[in-house]
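Heads up, the thing below is written out as structure tokens.
There are 2 protein chains.
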Amino acid sequence: MKKLIVQKYGGSSVANEQRIINVAKRIIEYKKKGYKVVVVVSALGDTTDELIKLAYSINKEPPEREMDMLLATGEQVSIALLAMAIHRLGFEAISFTGQQGGIITDRTHTKARIIKINARRIKEELNKDKIVIVAGFQGITKEEDITTLGRGGSDLTAVALAKVLKADFCEIYSDVEGIYTADPRIVPNAKKIDCISYDEMLEMASLGAQIMQARSVEVAKKFNVIIHTRSSFSKKRGTIIYKGGKKKMEDVVVRAVTLTKNEAKITICDVPDKPGLAAKIFSSISQGGINVDMIVQNTSRNRITDISFTVQKDNLNKALRITNEISKKIGAGEVFAESNIARVSIVGVGMRSHPGVAAKMFEALADKNINIEMISTSDISISCIIKKKYIVAAARAIHDKFGLGGKK
Amino acid sequence: MKKLIVQKYGGSSVANEQRIINVAKRIIEYKKKGYKVVVVVSALGDTTDELIKLAYSINKEPPEREMDMLLATGEQVSIALLAMAIHRLGFEAISFTGQQGGIITDRTHTKARIIKINARRIKEELNKDKIVIVAGFQGITKEEDITTLGRGGSDLTAVALAKVLKADFCEIYSDVEGIYTADPRIVPNAKKIDCISYDEMLEMASLGAQIMQARSVEVAKKFNVIIHTRSSFSKKRGTIIYKGGKKKMEDVVVRAVTLTKNEAKITICDVPDKPGLAAKIFSSISQGGINVDMIVQNTSRNRITDISFTVQKDNLNKALRITNEISKKIGAGEVFAESNIARVSIVGVGMRSHPGVAAKMFEALADKNINIEMISTSDISISCIIKKKYIVAAARAIHDKFGLGGKK
Chain A
7 MKKLIVQKYG GSSVANEQRI INVAKRIIEY KKKGYKVVVV VSALGDTTDE LIKLAYSINK
67 EPPEREMDML LATGEQVSIA LLAMAIHRLG FEAISFTGQQ GGIITDRTHT KARIIKINAR
127 RIKEELNKDK IVIVAGFQGI TKEEDITTLG RGGSDLTAVA LAKVLKADFC EIYSDVEGIY
187 TADPRIVPNA KKIDCISYDE MLEMASLGAQ IMQARSVEVA KKFNVIIHTR SSFSKKRGTI
247 IYKGGKKKME DVVVRAVTLT KNEAKITICD VPDKPGLAAK IFSSISQGGI NVDMIVQNTS
307 RNRITDISFT VQKDNLNKAL RITNEISKKI GAGEVFAESN IARVSIVGVG MRSHPGVAAK
367 MFEALADKNI NIEMISTSDI SISCIIKKKY IVAAARAIHD KFGLGGKK
Chain B
7 MKKLIVQKYG GSSVANEQRI INVAKRIIEY KKKGYKVVVV VSALGDTTDE LIKLAYSINK
67 EPPEREMDML LATGEQVSIA LLAMAIHRLG FEAISFTGQQ GGIITDRTHT KARIIKINAR
127 RIKEELNKDK IVIVAGFQGI TKEEDITTLG RGGSDLTAVA LAKVLKADFC EIYSDVEGIY
187 TADPRIVPNA KKIDCISYDE MLEMASLGAQ IMQARSVEVA KKFNVIIHTR SSFSKKRGTI
247 IYKGGKKKME DVVVRAVTLT KNEAKITICD VPDKPGLAAK IFSSISQGGI NVDMIVQNTS
307 RNRITDISFT VQKDNLNKAL RITNEISKKI GAGEVFAESN IARVSIVGVG MRSHPGVAAK
367 MFEALADKNI NIEMISTSDI SISCIIKKKY IVAAARAIHD KFGLGGKK
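One line per chain: the protein sequences are A and B, in this order. Heads up: the first sequence is residues 7 to 414, going by our numbering. Heads up: the second sequence is residues 7 to 414, going by our numbering.
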């Protein structure tokens, strides 16, 4: 039986006509080698951001169903153009929207979850020897409403398809050559990592490494889909993401430094120190469909306390509105928002069993006179919220402190 | 029971954010008056042309299924943004793609025909008191492939919906105030026509008046849908298109001058003068899905003849390829194409019963020293193919000759 490969190309890989042609050529190489090829594509270049901007210029709180209707067009353009490019090179390809690809999701617009994939049409066309191109990032509810899977959702489409189609492997193409010990644009001596475990990748993805969407790594882990993340601009081997070899993991304490700038902090002042109020606040916010990330509650003085938490910047307006309402309801004080913040994190399975890692990270920041506003830790990561303007200095200092850099 | 209105807004009516908001306001006016409102929208501004250009930059003969996949995104953007604009103004709206609107078509990609409309979801949402916005120009086959209805197909969507929903009337909004005796950008003293018959409108539309797509006028005629074509930038009454009052029609001989520049001429030289060859040529071309418009065959000399015909410029490459093949097969000579041509036409039901109309038109051209390359006539129109560079002079001369102009 023919081997089957799922390839996903990110927006920068198809940002202009020449790049689309190049991607078509790379796809055809695999086809010529005898593979069945399923391709998942993102929207061209910055299309999604431009569409979001357009939406906000018309309505500052656009209905989410309509937002999905709008955003799904980005990938629909890509799949059509890529199919045209493949045809031009003399091979047969057919493009599918999320709906046509059978990607059934729940109804959580703008961050829907895949319920199942009816891959009937995809399989039919593969059996006709066609290259099948599926729009990433989008799906359809049972009621036939268009949904999107959230930022980086095309990765999820690719991994889920790899699972359902029993692909031999899943390649995730972007404009970088793999996973690095830090973002090389920010930390110039960052090194490429050859292999990384799902758990570490998961932590990195959720902490700002923009190579892979966190949910897609979760799904890959769950179904043991081996991912090769690599560059569409070179033939070099990238980074393999897999369940991980234990031995190797223990050698290294900290694997990478990540950062994120898309969070904002909300503080509710003077929350009465009564049981159940925190629960009330955060259940209201989560009912609004907003994920809260870090939460910090200061020790109470005079039976009142301040509660701070971070949310994605996209959700700041909505979160603020909800927080203001709930604050009034529970008799708390003013609500402040701050969006000039950033998060710097270190990730590594090894750090579990090594004491002093956190202290070393805080030292690196202290050495540069950078104040820490919030701290959060997990099994395999430590994150600090700092002022946004210090983020580059912070990332470099920590990367150096743990000796992650290459020689060059 | 509430009155139901179908409104269609063309690309220029929604070309930017402010215009989208203005359209939303106009829609809400009708909603406030108690109407059920169904809105059909075209792609923003020149989106469709830009998408076509993009496609051709990648593949000079893009597969038509993929072309439809690409073009359908234009209207999907419009419906989402318009729904967002209506929400911002405090009213409930829901957008539907062609598929969601139940617009089922045949499989003739890029110029599909509507087979039926399953208006279930539209009716459901109207009954929930929502404004329903449907993407114009697009539909879906039974196999769930996306199709488009051809240039101006949004008009067809609107008229077909007006029929199926038993709308009280159908408004077609564009950037002009109605139907004119000639394109006012070309013939400055052109006058607005208050009422016009389906037949005259049909002829004008197929002869280049860009207000209404010909097929949508056909459908309107078939089902007696009364159309009000008007400007989205003013409150003025536009032109009513209806079955026509006979008396009024006979008063006027020529109603309007139209022109079109999107045709190209193909000539096959030295076609053997044998029965059946013309049929062979034109059945091959129509099997390629290409509509031929004018056909001229010169008197044969030495048992060979030249055959010329016109096709839409979009189809020129494909038509040329087919024509070259068939020419070889039937032993004809060289094939030439000319795209520097234009067509000027006069339209009017009255001309049937008035002799000398054609002569008067040819005189107007002769007065300006304009050579006629091809002539075609119908019951209610006469068309001449001339060099493109003379088209403005020709339109003005004919408009004057028949005294169609206003005073100003």
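All residues carry an ideal CB built from backbone N, CA and C; glycine is no exception.
Just verifying my parser: in three-state terms, what is the DSSP assignment at residue i?
i, result
"M73(B)", "helix"
"L326(B)", "helix"
"G411(B)", "coil"
"D312(B)", "strand"
"R236(A)", "strand"
"V83(B)", "helix"
"T147(B)", "coil"
"D406(A)", "helix"
"S384(A)", "strand"
"M300(A)", "strand"
"A21(A)", "coil"
"S222(A)", "helix"
"A66(B)", "Here residue 66(B) is Lys; the residue named in the question, Ala, does not match the sequence. Looking at K66(B) - three-state DSSP - the assignment turns out to be coil, as it is neither helix nor strand."
"D55(A)", "helix"
"D205(A)", "helix"
"A49(A)", "coil"
"E256(B)", "Low confidence applies here, because E256(B) scores a pLDDT of 48, under 50, leaving its location unreliable; read the following figure in that light. Here E256(B) sits in helix by DSSP."
Are the C-beta of residue i and some C-beta of chain B separated by less than 7 Å?
i, result
"T111(A)", "no"
"L95(A)", "no"
"M75(A)", "yes"
"E56(A)", "no"
"Q82(A)", "yes"
"M255(A)", "Low confidence applies to M255(A): its pLDDT is 46, below 50, so where it sits in the model is not reliable, and the reading given next is rough at best. Closer than 7 Å: no."
"P194(A)", "no"
"E98(A)", "no"
"T187(A)", "no"
"S238(A)", "no"
"T79(A)", "yes"
Hey, residue i and residue j: beta-carbon distance below 7 Å or not?
i, j, result
"A226(A)", "T264(A)", "no"
"S160(A)", "G142(A)", "yes"
"G411(A)", "N195(A)", "yes"
"K169(A)", "V223(A)", "no"
"K271(A)", "I347(A)", "yes"
"M75(B)", "A86(A)", "yes"
"Q318(A)", "T311(A)", "no"
"T147(A)", "R113(A)", "yes"
"A118(B)", "T153(B)", "yes"
"V259(B)", "M357(B)", "yes"
"I128(B)", "K37(B)", "no"
"V47(A)", "V12(A)", "no"
Does the CB of residue i have a neighbour CB from chain A at under 7 Å?
i, result
"N65(B)", "yes"
"G17(B)", "no"
"E131(B)", "no"
"V12(B)", "no"
"A21(B)", "no"
"A89(B)", "yes"
"Q106(B)", "yes"
"E72(B)", "yes"
"T53(B)", "no"
**Asked** Any contact of the region 386-401 of chain B with the region 192-206 of chain B, i.e. 3+ C-beta pairs under 8 Å?
**Response** yes
**Asked** Does the region 366-382 of chain B come within contact of the region 391-407 of chain B, defined as at least 3 CB pairs closer than 8 Å?
**Response** yes
**Asked** If you measure beta-carbon to beta-carbon, which residues of the region 298-319 of chain B are closer than 7 Å to chain A?
**Response** none
**Message:** Check whether the region 171-185 of chain A and the region 95-108 of chain A are in contact - that is, three or more C-beta pairs closer than 8 Å.
**Reply:** no
**Item:** Where the region 31-48 of chain A meets chain B: residues whose CB sits under 8 Å from a CB there
**Value:** Against chain B - using a Cβ distance shorter than 8 Å - the region 31-48 of chain A contributes no residues.
**Asked** Counting Cβ pairs, one atom from each stretch, are 3 or more of them under 8 Å apart for the region 285-296 of chain B and the region 231-247 of chain B?
**Response** In short, these stretches do not touch, since the Cβ pair count stays below three.
**Residues within the region 132-163 of chain B neighbouring chain A, beta-carbon criterion of under 8 Å** = E150, D151, I152
**Prompt:** Looking at chain B, which residues of the region 261-272 of chain A have a Cβ within less than 8 Å of any of its Cβ atoms?
**Reply:** none
**Prompt:** Given 8 Å as the limit, is there contact between the region 272-287 of chain A and the region 330-343 of chain A, that is, 3 or more CB pairs closer than that?
**Reply:** The region 272-287 of chain A, when compared against the region 330-343 of chain A, does touch it at the 8 Å Cβ threshold.
**Prompt:** So, do the region 123-132 of chain B and the region 102-112 of chain B have three or more beta carbon pairs nearer to each other than 8 Å?
**Reply:** yes
**Asked** Does the pairing of the region 59-72 of chain B with the region 87-95 of chain B give three or more beta-carbon distances under 8 Å?
**Response** Contact fails: fewer than three Cβ-Cβ distances are below 8 Å.
**Item:** Interface positions of the region 321-335 of chain B facing chain A (Cβ-Cβ less than 9 Å), listed along the chain
**Value:** From the region 321-335 of chain B, no residue has a Cβ closer than 9 Å to chain A.
**Message:** Any C-beta of chain A within less than 8 Å: which residues of the region 375-404 of chain B qualify?
**Reply:** Within the region 375-404 of chain B, not one residue has a Cβ closer than 8 Å to any Cβ of chain A.
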